[in-house]
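The structure under discussion appears below in the form of structure tokens.
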Amino acid sequence: MNSYGSFPGARPRRLRTTPALRRMVAETRLHPADLILPAFVREGVSEPVPISAMPGVVQHTRDTLRKAAVQAVEAGVSGIMLFGVPLDEKKDGAGTAGTDPDGILQLAIRDVRSEVGDDLVIMSDLCLDEYTDHGHCGVLDAEGRVDNDATLERYAEMAQVQADAGVHVVGPSGMMDGQVGVIRDALDTIGKEDVSILAYTAKYSSAFYGPFREAVGSSLKGDRKTYQQDPANVRESMRELALDLEEGADMVMVKPAGPYLDILAKVADAVDVPVAAYQISGEYAMVEAAAEKGWIERDKAILETLTGIRRAGAQMILTYWATEAAHMIRNA
Ligand code: PBG
Numbered sequence: 004m005n006s007y008g009s010f011p012g013a014r015p016r017r018l019r020t021t022p023a024l025r026r027m028v029a030e031t032r033l034h035p036a037d038l039i040l041p042a043f044v045r046e047g048v049s050e051p052v053p054i055s056a057m058p059g060v061v062q063h064t065r066d067t068l069r070k071a072a073v074q075a076v077e078a079g080v081s082g083i084m085l086f087g088v089p090l091d092e093k094k095d096g097a098g099t100a101g102t103d104p105d106g107i108l109q110l111a112i113r114d115v116r117s118e119v120g121d122d123l124v125i126m127s128d129l130c131l132d133e134y135t136d137h138g139h140c141g142v143l144d145a146e147g148r149v150d151n152d153a154t155l156e157r158y159a160e161m162a163q164v165q166a167d168a169g170v171h172v173v174g175p176s177g178m179m180d181g182q183v184g185v186i187r188d189a190l191d192t193i194g195k196e197d198v199s200i201l202a203y204t205a206k207y208s209s210a211f212y213g214p215f216r217e218a219v220g221s222s223l224k225g226d227r228k229t230y231q232q233d234p235a236n237v238r239e240s241m242r243e244l245a246l247d248l249e250e251g252a253d254m255v256m257v258k259p260a261g262p263y264l265d266i267l268a269k270v271a272d273a274v275d276v277p278v279a280a281y282q283i284s285g286e287y288a289m290v291e292a293a294a295e296k297g298w299i300e301r302d303k304a305i306l307e308t309l310t311g312i313r314r315a316g317a318q319m320i321l322t323y324w325a326t327e328a329a330h331m332i333r334n335a
């Protein structure tokens with residue numbers, strides 16, 4: 004009641020009155036199956052190694068990775084994205100360890116596949132930066148620049164060894180021109196038509212990858228600006244999208260997620276393939292750090308970031324909180 008007669012006639016607050024009402028009219032719901040767990044596996048360690056900038060995330064041993072995969076399945080998570088961390092002495096200019104059938108990533112794919120079979124979608128990062136001594140995502144030419152086409156040949160080989168190891172989905176993340184097409188061809192050539200490609204379609208050159216570089220022991224000096232996208236651009240993502248679809252991407256991804264929700268919404272509007280977003284290491288670190296200081300409520304903040312990414316149009320979210328968030332969602 005007020006002194007303005009029947010004003011306001013429209014009262015949106017009515018639908019916010021009780022938790023049950025709010026739940027009923029919610030437009031976005033999180034489900035454990037929306038989530039994909041990125042996981043690191045390190046060669047030659049007998050105990051998991053904590054990543055200091057990502058509290059709660061470790062470089063797994065082959066054994067603890069198997070356990071993490073089982074826990075993800077039990078929580079209802081859909082997939083796992085694997086990253087290999089080779090011994091330092093195995094890094095070289097060509098990223099040879101990335102195409103060694105017994106390289107750490109290939110072993111990890113086999114381990115996880117034998118542990119959980121098809122109960123989890125097993126995905127692998129298809130990129131050279133974890134294996135090169137210079138830390139770039141590709142091989143270098145005589146002038147020290149990343150050589151696009153020579154890199155494509157390495158990616159083709161990587162796709163084949165990863166597929167042979169039993170991966171369901173490869174995730175090319177190096178942002179080389181033509182990578183999706185070359186990888187599709189390479190897979191088809193060896194009869195791996197069933198292996199899907201989750202293309203890192205719009206991957207921005209981001210300061211928020213910082214903690215990841217520790218996670219994979221990257222030796223990168225300088226930056227990736229000649230291949231990853233400029234944070235200032237939108238149209239460029241739409242061009243990358245068109246090319247990836249033309250080259251045969253089965254699913255597309257936007258990365259990072261939080262600072263690029265506009266890109267995500269645009270991409271999701273434009274396509275009829277599944278769209279993923281990668282909530283990256285720096286996004287994780289920010290929430291954990293603020294929560295540790297008592298500045299934000301951790302669990303609520305986590306679910307809010309994931310809801311925002313879903314709402315913007317991502318059907319699948321890669322997040323380091325995947326297993327824990329799946330439990331939170333179930334218990335909510
Ligand atoms: C490249 C790759 C990166 C990430 C995933 N794949 C690092 C980079 O491009 O610098 C970052 C993931 C994260 O920060 O969580 N292999």
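Numbering-wise (the numbering used here), the sequence shown opens with residue 4 and increments by one. For each residue, glycine too, the CB sits at the ideal point set by N, CA and C.
Start-to-end residues for the beta strand (DSSP E) that takes in residue i
i: H34; result: Note, H34: premise wrong, no beta strand (DSSP E); not H, not E.
i: V278; result: 278-281
i: T204; result: 199-206
i: K258; result: 254-258
Terminal residues of the alpha helix (DSSP H) in which residue i lies
i: S127; result: Premise fails: S127 lies in the beta strand (DSSP E), 124-129, not in any alpha helix (DSSP H).
i: P22; result: 22-28
i: G174; result: Note, G174: premise wrong, no alpha helix (DSSP H); beta strand (DSSP E) at 172-175.
i: G147; result: Per DSSP, G147 belongs to no alpha helix (DSSP H) and is neither H nor E.
i: Y287; result: 284-295
i: L264; result: 264-273
Nearest-angstrom beta carbon gap, residue j and residue i [assumed within contact, 8 angstroms]
i: G177; j: Y230; result: 7 angstroms
i: I107; j: V88; result: 7 angstroms
i: G169; j: R116; result: 4 angstroms
i: I112; j: L85; result: 6 angstroms
heavy atom of ligand 1 below 8 angstroms from residue i C-beta
i: D132; result: yes
i: V44; result: no
i: R157; result: no
i: K224; result: no
i: S55; result: no
i: S284; result: yes
i: Y203; result: yes
i: Q231; result: yes
i: K206; result: yes
i: V219; result: yes
i: Y263; result: no
i: G311; result: no
i: D128; result: yes
i: G177; result: yes
i: K258; result: yes
i: P89; result: no
i: P22; result: no
i: P214; result: yes
i: P41; result: yes
i: F86; result: yes
i: R227; result: yes
Close Cβ partners of residue i (< 6 angstroms) along its chain, the five nearest in sequence each way excluded
i: A98; result: This sequence places Gly at residue 98; Ala is not what is there. The answer, listed in chain order, is L131, Y134, T135.
i: E239; result: Q232
i: P277; result: M254, Q318
i: D144; result: D150
i: L110; result: none
i: E196; result: none
Helix, strand or coil at residue i [DSSP, three-state]
i: M161; result: helix
i: F211; result: helix
i: M319; result: strand
i: T64; result: coil
i: D132; result: coil
i: D191; result: helix
i: R238; result: helix
i: M84; result: strand
i: P338; result: Nothing about residue 338 can be reported from this structure: the residues present for the chain run from 4 to 335 only.
i: P15; result: helix
i: A153; result: helix
i: A325; result: helix
i: A335; result: coil
i: D121; result: coil
i: D226; result: coil
i: V44; result: strand
i: Q182; result: helix
i: D95; result: strand
i: Q74; result: helix
i: V219; result: coil
i: Q231; result: coil
Own chain partners of residue i with C-beta closer than 7 angstroms, once the 5 adjacent residues on each side are dropped
i: A162; result: L129, V173, I186, A189, L190
i: V124; result: S81, G82, H171, V172
i: T326; result: L40, Q74, A75, A78, V80
i: L38; result: V80, S81, I320, T322, A325, A328, A329
Sequence-distant residues of the same chain with beta carbon closer than 8 angstroms to residue i, five excluded per side
i: R157; result: A97, G98, G101, T102, L131, G141, V142
i: A304; result: V290, A293, A294
i: P104; result: V164, D167, A168
i: R1; result: Any answer about residue 1 is impossible in this case: the structure gives the chain only from 4 up to 335.
i: T64; result: V44, R45, V48, S49, E50, P51
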